[in-house]
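In full-length UniProt numbering, the protein residues as written are 1 to 192.
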């Protein structure tokens, strides 16, 4: 998933669906921990350059869920060819992704005196040319979209705009993807 596309929301949603029977509503892990600890990032937590940022596999709640901003073609072949659910990918329209990304980057940069704030024009030029930490917006989306069309049982591709407007429909799709449709109504009682 490209950063600033609804990835934190999707991690929490997926974790809740997959682990819905492991916790009571009052004692849920999401109430005790941040989602980035429960659904760690492949690139930041499993293969982090700094050893203190790494999370051992044994510390990750099973069934294990991971998040990533890595484009599909760049994922390890062992991940691409695995028999497990590979990903629920969320795509956001390029304009919203760009604006959120620009705002986020400048928020981070403002905390470091040695870094200047990026202009809208400079960031837009880089974004359009695919010069970002996650590569080209179009190639990133296309990689996961193609894979979802080829292996729909392994890769689920969602659109952020559609998701925000039709939340319950998309939630049902995620439930079905994880074969948890049986408890669909129970889950909604807990949401209210």
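Cβ atoms here follow ideal geometry from the backbone N, Cα and C, with glycine treated the same way.
Which class does residue i belong to by DSSP, given the choice of helix, strand or coil?
i, result
"residue 195", "Any property of residue 195 remains undetermined from this structure, which presents the chain solely from 1 to 192."
"residue 119", "coil"
"residue 156", "strand"
"residue 185", "Residue confidence is low: residue 185 scores 38 on pLDDT, short of 50, so the model does not pin down where it sits. Its coordinate-derived value is still stated next. DSSP places residue 185 in helix when its eight states are reduced to three."
"residue 89", "strand"
"residue 143", "helix"
"residue 82", "coil"
"residue 29", "helix"
"residue 103", "helix"
"residue 24", "coil"
"residue 114", "coil"
"residue 41", "strand"
Buried or exposed: where does residue i fall if 16 or more other Cβ atoms within 10 Å of its Cβ makes it buried?
i, result
"residue 47", "exposed"
"residue 102", "buried"
"residue 141", "buried"
"residue 147", "buried"
"residue 189", "Low confidence applies to residue 189: its pLDDT is 38, below 50, so where it sits in the model is not reliable, and the reading given next is rough at best. When all chains shown are included, residue 189 counts as exposed."
"residue 179", "exposed"
To which residues of the same chain is residue i closer than 6 angstroms at the C-beta, ignoring the five residues directly before and after it?
i, result
"residue 111", "none"
"residue 55", "40, 45"
Mind reading off the beta-carbon distance from residue i to residue j? Whole number of angstroms is fine, and I expect it under 8 angstroms.
i, j, result
"residue 174", "residue 17", "6 angstroms"
"residue 71", "residue 139", "6 angstroms"
"residue 225", "residue 177", "Limits of the chain in this structure are 1 at one end and 192 at the other, which puts residue 225 out of reach."
In chain order, what residues of the same chain lie with their CB nearer than 7 angstroms to the CB of residue i, ignoring the 5 residues before and after it?
i, result
"residue 117", "106, 109, 110"
Between residue i and the rest of its own chain, which residues show a CB-CB distance below 8 angstroms, the 5 nearest in sequence each way excluded?
i, result
"residue 7", "1, 67, 69, 90"
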